[in-house]
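Start counting at 1 in the sequence shown, then tack on 1, and there's your number in the numbering used here.
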Amino acid sequence: MRTGRYALHRGALSPAECGAVLATDGRRQWKPSALYGAPGDGETVNRDVWDGQRTAVCDDWLLARLDEVVRPMRRGLRFALAREPVWWNRHGRGVGFGEHYDRISSEDNPRILTCTVLLSAADAYEGGAFMVAGRVVPMHQGDAVVFSALTMHAVAPVAAGRRDSLVRWYLAR
2 MRTGRYALHR GALSPAECGA VLATDGRRQW KPSALYGAPG DGETVNRDVW
52 DGQRTAVCDD WLLARLDEVV RPMRRGLRFA LAREPVWWNR HGRGVGFGEH
102 YDRISSEDNP RILTCTVLLS AADAYEGGAF MVAGRVVPMH QGDAVVFSAL
152 TMHAVAPVAA GRRDSLVRWY LAR
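Here you go:
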């Protein structure tokens, strides 16, 4: 489904593929996340809107799959795209992140597109709704959402359980 603000790709990853990523949890080096580009914070870290954890994921099959999901959104662009690593974000009870955008304008190669994939099954958490431009995006395990890095988006706080997702940014080159 495509709207003026985002494209939703149902089943970008299968439940088995999501489970395979989640099964690697114990082998990952988790660290506190930082949020840049929150409204009014001057593009600095803002712990008031994000206090989760993240780790890098570099599995070749996953990188290729996300590139395929993003390919239709790239068609209208007049420049090549570079890619950042895939980040695995974890939101526990009480954790979400406030409305923000992903473009960091101080970079030589600014972020142009964002692709996020929900890894968690519906019964793994409560709350944690993903929103783009103020609208809830109804996501299921394995669904991907692609949108402009200049689009405001947020994740509501998780009420119970744990919400895991992936994000990859595509940059102008």
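Backbone N, C-alpha and C define an ideal beta-carbon position, used for all residues, glycine too. These figures come from a predicted structure and were not determined experimentally.
Minimum length 3: unbroken beta strand (DSSP E) runs contained in the stretch 63-101: The qualifying runs are 82-84, 87-92, 98-101.
C-beta atoms of G128 and A173 nearer than 8 Å: It is not a contact, given that the beta carbons lie outside the stated cut-off.
Note down the Cα distance separating M140 from V70, rounded to an integer number of angstroms. Whole-angstrom Cα-Cα distance: 15 Å.
Measure the C-alpha to C-alpha separation of D26 and S121 and round it to an integer number of angstroms. In a straight line, the C-alpha of D26 is about 13 Å away from that of S121.
Residue nearest to C19 in terms of C-alpha spacing, selected from V156, A157, S166: Cα-wise, what sits closest to C19 is S166.
Would A134 pass as a contact of M153 if the rule is Cβ separation under 8 Å? Yes.
Can you give me the C-alpha to C-alpha distance between A24 and A17, rounded to a whole angstrom? For the pair A24 and A17, the Cα-to-Cα distance works out to about 10 Å.
Give the single residue among G95, V138, A150 whose Cα lies nearest to the Cα of L119. Taking only the C-alpha atoms, the option nearest L119 is V138.
Roughly how far, in whole angstroms, is the beta-carbon of V147 from the beta-carbon of A8, given that I think they are within contact range, below 8 Å? Their Cβ separation, rounded to whole angstroms, is 5 Å, which keeps V147 and A8 in contact under 8 Å.
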